[in-house]
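2 protein chains.
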Amino acid sequence: MTDERSTEEEAPAAPQKLSRRGLLGLAGAGVVGLGVGVAGDRGAMAASGSMTAGGSTAGNTAYPFHGTHQSGIVTPAQDRLHFASFDMSSTASRADLIELLQDWSAAAALMCQGKPVGEFGAVDGPYDAPPEDTGEALDLPTGGLTITFGFGPTLFVDASGADRFGIASQQPAELRELPHFPADDLDPQKTGGDLCIQACSEDPQIAVHAIRNLSRIAFGRASLRWSQLGFGRTSSTSTSQVTPRNLFGFKDGTANIKAEQLGKVMNSVWVPASATPAWLAGGSYLVARRIRMTIETWDRTALSEQERIIGRTKGNGAPLSGGTEFTAPDFAVLGRADKALIDKDSHVRLAHPESNAGTEILRRGYNFVDGNDNLGRLEAGLFFISYQRSPAQFIDIQMNLAKNDLMNEYIRHVGSGLFAVPPGARQGSYVGAGLFA
Amino acid sequence: MTDERSTEEEAPAAPQKLSRRGLLGLAGAGVVGLGVGVAGDRGAMAASGSMTAGGSTAGNTAYPFHGTHQSGIVTPAQDRLHFASFDMSSTASRADLIELLQDWSAAAALMCQGKPVGEFGAVDGPYDAPPEDTGEALDLPTGGLTITFGFGPTLFVDASGADRFGIASQQPAELRELPHFPADDLDPQKTGGDLCIQACSEDPQIAVHAIRNLSRIAFGRASLRWSQLGFGRTSSTSTSQVTPRNLFGFKDGTANIKAEQLGKVMNSVWVPASATPAWLAGGSYLVARRIRMTIETWDRTALSEQERIIGRTKGNGAPLSGGTEFTAPDFAVLGRADKALIDKDSHVRLAHPESNAGTEILRRGYNFVDGNDNLGRLEAGLFFISYQRSPAQFIDIQMNLAKNDLMNEYIRHVGSGLFAVPPGARQGSYVGAGLFA
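In order, the protein sequences belong to chains A and B.
The first sequence lines up with residues 214 to 650 when you count with the working numbering.
The second sequence lines up with residues 214 to 650 when you count with the working numbering.
What follows is the structure in structure tokens.
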């Protein structure tokens with residue numbers, strides 16, 4: 214049930230084309246009716262030279278855009294992220310929303326194959342029109358790009374209660390604003406949104422290129438609300454991957470759900486076929502949390518205290534109850550004075566399925582540093598992303614953590630988003646098509 | 214005269230150790246006198262596992278920290294950047310400044326070898342003290358890290374005219390605040406600084422780790438003033454590298470000085486041995502400019518106009534006078550109505566040595582995207598870095614560009630810095646030692 218396998222079931226179909234409106238976004242007002250021609254395949258361009266494509270260290274891995282599920286969820290987590298949230302700020306037309314999703318799907322399918330979103334004019338392009346593709350990824354490899362789309366609660370019913378797009382009846386009951394968690398300190402400028410796009414790649418320039426061009430295509434329909442770059446993955450989503458470290462310096466996501474754990478993926482990640490509304494079957498829910506880390510304070514904390522807070526050793530990530538990284542933590546093991554070796558309020562214990570009635574989520578977060586604040590502290594943290602079949606999975610775990618986690622002294626949740634992630638698009642169709650059926 | 218060759222002349226010497234004060238910065242107030250033990254070599258740790266170190270796509274290239282010149286100047290430009298500017302905000306003691314430079318040099322030498330800046334406590338570390346290294350790069354390869362230090366004008370004479378560190382007499386005559394260029398729109402929060410550090414690597418987590426730990430070591434002496442991450446190099450500094458693209462989608466730096474052009478490097482980059490003051494001989498001057506690009510406007514500009522502005526084709530980067538990327542532009546070639554094929558105010562022409570009395574600089578800039586502004590526009594641009602033996606080289610070219618460049622409609626210089634970059638440190642010594650001789 215991985216992305217790769219599922220696409221083999223799909224019959225090939227005619228490639229999607231961008232709408233006149235989408236081309237307008239690319240080309241700017243005043244230029245209409247340009248046909249979309251694909252100027253070249255980046256991998257092929259690269260192969261014709263003598264060096265790696267564009268000097269990039271990223272390889273030519275390509276993940277399919279079409280399939281049963283969207284890529285970018287159980288796909289082995291790429292190392293770089295550009296995440297963007299959009300508002301349908303310029304239109305309340307259902308036809309516009311459908312057309313936008315069609316245009317985004319067509320462009321995403323091209324980019325995931327390493328192709329530009331349209332002509333850039335090198336050979337037969339329209340010389341007196343703006344280039345359709347912005348060009349900064351022209352020489353780069355495919356770089357394992359995935360583009361994953363989600364729908365926020367406000368797409369269905371906006372803040373004023375309006376059903377702008379005639380889809381209020383299709384809103385999943387669970388797609389509501391997340392509850393306020395203890396100590397939440399959310400910036401409205403980094404929270405919410407009608408739509409989201411997660412672009413992941415081994416090369417940041419490829420992820421940035423994707424978000425930039427999808428933003429252009431949205432012109433006159435949706436506009437960027439907030440966005441976040443992440444430079445280092447903090448979770449493995451495949452057993453083939455080494456566990457990375459977060460900015461606390463600890464291995465993160467050791468016990469994460471892995472793509473190869475088909476039962477867990479089925480039971481915890483994908484919305485089941487029996488779900489209501491039916492359009493979300495095979496999809497998932499995406500939670501995004503911008504978590505600021507007060508790393509300066511953390512860095513002045515004793516190693517013993519850091520390890521007590523996390524519940525694992527800093528060196529190899531073994532649970533404090535003993536063993537090596539992948540040894541299951543044993544919360545019953547007692548040490549001196551009959552105190553548990555793994556503190557009852559440690560992060561590993563509170564986040565563990567044992568403490569959450571067996572609940573698990575698939576994490577897919579990224580480290581970020583966005584310059585520094587006026588006090589000379591790095592604006593650093595974790596851009597947490599998780600996928601789960603129900604938002605309740607995240608809510609239960611996060612409520613537990615927000616109340617008790619020893620780590621809370623060193624983190625602050627400053628941004629948030631909840632999005633319903635539709636299933637993958639079939640060849641010839643578009644992401645979210647089921648919502649308008 | 215490359216970094217690699219020059220270091221072979223150096224005799225091995227005892228490794229530098231961090232001062233008590235530097236360790237205090239690492240360890241936090243209240244903990245003193247820890248010895249520095251090196252916990253492990255990242256390359257070796259990686260090799261002991263079955264996968265690439267930490268899953269990073271960066272390799273195990275290592276550049277020497279010690280040598281005739283600092284690394285990170287003619288070193289083949291790595292793909293990722295973390296740049297930081299510091300103020301000596303907490304001390305006016307000459308001894309403190311010297312000790313800081315010694316501590317920074319010792320830590321930088323370790324990190325460039327893939328080692329942590331001190332014990333992280335995994336094996337024999339002081340368990341009840343904060344870890345000396347923050348740990349987020351522990352499993353990563355060396356990743357081609359270079360760390361390059363520079364001194365701003367205010368280190369010598371501060372804004373109030375004070376000679377805080379007894380080095381005013383050693384200030385190079387040319388190390389003055391850059392002149393105001395037409396249309397400069399500088400943010401004081403992104404401009405200037407007493408000291409700067411440029412950390413470059415193939416892996417952003419390695420560059421971030423370096424700046425973070427050097428900031429910690431500076432505790433009580435210098436504090437972060439501003440910092441910038443860059444995700445994609447925009448220049449080649451070696452003939453072995455493919456020319457990358459900037460966020461205008463054009464190949465950038467085709468005609469840049471390359472490390473292999475020994476004559477140009479000698480005549481344009483390194484401060485000559487005859488220089489006054491003598492401590493800067495073998496060093497260079499670093500100019501940093503944060504250049505915001507209005508990419509949304511650019512993206513709506515016709516391809517023909519984009520190419521007229523740049524003076525090269527977007528596809529393969531050939532000059533509009535003909536040929537391929539590395540063909541020399543011919544500014545005399547006329548087209549229709551006797552107009553020059555390369556516009557007289559195009560960027561390539563105004564920046565070309567022919568238009569600047571032969572003057573050249575070595576560029577080493579990076580693309581950046583720092584989220585978006587309140588209007589939903591990506592906060593994107595070019596973090597320009599150049600190295601030259603004299604600031605006059607940059608000033609002459611930039612004055613020419615600022616007055617006439619067609620590109621000015623699409624860019625805004627919003628941050629700036631000028632730093633004197635001392636020569637490389639000898640083994641057993643530290644960067645800038647000559648300044649205090």
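In this text, a Cβ means the ideal position worked out from N, Cα and C, and glycines have one as well.
Annotation: the continuous alpha helix (DSSP H) that includes tryptophan 511 of chain A extends over 508-511.
Contact note: leucine 408 of chain A does not reach chain B at a C-beta cutoff of 9 Å; the least C-beta distance is about 13 Å. Judged by their CB atoms, leucine 437 of chain B and phenylalanine 299 of chain B are nearer to each other than the 9 Å cut-off.
DSSP places threonine 404 of chain B within a strand segment (E or B) once states are collapsed to three. Residue-level contact check: glutamate 349 of chain B touches chain A, since one or more beta carbons of chain A fall below 9 Å from its beta carbon.
In the pairwise beta carbon analysis, the segment 614-624 of chain B is classified as not touching the segment 482-497 of chain B: fewer than three pairs are separated by under 8 Å. Our two residues, valine 627 of chain A and arginine 503 of chain A, have alpha carbons roughly 6 Å apart in a direct line. Take isoleucine 624 of chain B, set aside five residues on each side of it, and the residues of its chain with a beta-carbon closer than 6 Å to its own are Ile504, Met506, in chain order.
Where threonine 367 of chain A is concerned, the enclosing alpha helix (DSSP H) starts and stops at 366-369. Non-local beta-carbon contacts of aspartate 416 of chain A in its own chain, meaning distances under 7 Å to residues more than five positions away in sequence, involve Ser269, Ala271, Arg293, Leu353, Gly356 in chain order. Scanning B:Asp558, B:Ala423, B:Pro542, B:Leu493 for the CA closest to the CA of arginine 521 of chain B turns up B:Asp558. For glutamate 415 of chain A, the residues of chain B that pass the 7 Å Cβ criterion are Thr270, in the order they occur in the chain. The three-state secondary structure of arginine 389 of chain A, taken from DSSP, is coil. With a threshold of 9 Å between beta carbons, arginine 425 of chain B makes contact with chain A.
For alanine 342 of chain B, the closest Cβ of chain A is nearer than 9 Å. Under the three-state reduction of DSSP, aspartate 316 of chain A is assigned to helix. With fewer than 16 other Cβ atoms inside 10 Å of its own Cβ, alanine 605 of chain B counts as exposed.
When secondary structure is reduced to three states using DSSP, aspartate 556 of chain B falls in the coil class, being assigned neither helix nor strand. Linking tyrosine 340 of chain B to asparagine 529 of chain A through their CA atoms gives a straight-line distance of about 15 Å.
Counting other Cβ atoms within 10 Å of its Cβ, methionine 301 of chain B reaches 16 or more and is therefore classed as buried.
Sequence-ordered contacts of the segment 515-547 of chain B with chain A read Ala515, Leu516, Ser517, Gln519, Thr526, Lys527, Gly528, Asn529 [C-beta pairs closer than 8 Å]. Threonine 450 of chain B and leucine 533 of chain A have their C-alpha atoms roughly 48 Å apart. Contact check for leucine 358 of chain A against alanine 423 of chain A passes: the beta carbons are separated by less than 9 Å.
Closest option to valine 634 of chain B, judged by alpha-carbon separation, among B:Gln283, B:Leu236, B:Ser382: B:Gln283.
In this structure, DSSP gives tryptophan 439 of chain A an extended state, which the three-state scheme calls strand. Residue-level contact by beta carbon holds for tryptophan 439 of chain A and chain B, with a gap shorter than 9 Å.
With respect to chain A, the C-beta atom of isoleucine 508 of chain B has a partner C-beta closer than 9 Å. Below the 8 Å Cβ cutoff, chain B contributes Arg293, Pro417, Gln418, Val421, Leu442, Phe444 as neighbours of phenylalanine 444 of chain A, in chain order.
DSSP places serine 451 of chain A in no alpha helix (DSSP H); its state is neither H nor E. With a 10 Å radius around the Cβ and a threshold of 16 neighbouring Cβ atoms, glycine 571 of chain A comes out exposed.
Non-local C-beta neighbours of phenylalanine 278 of chain A in its own chain, meaning closer than 6 Å and more than five positions away in sequence, comprise Ala321, Ala322, Cys325, ordered along the chain. Under the three-state reduction of DSSP output, histidine 295 of chain B falls in the strand class. With a beta-carbon spacing of about 34 Å, proline 395 of chain A and alanine 494 of chain A fall beyond the 8 Å limit used to define contacts.
From the beta-carbon of asparagine 580 of chain A, the residues of chain B found nearer than 9 Å are Glu349, Pro417, Gln418, Val421. Under the 10 Å beta carbon count, glycine 536 of chain B is surrounded by fewer than 16 other beta carbons and is classified as exposed. By the 16-neighbour rule on beta-carbons within 10 angstroms, glycine 630 of chain A is buried.
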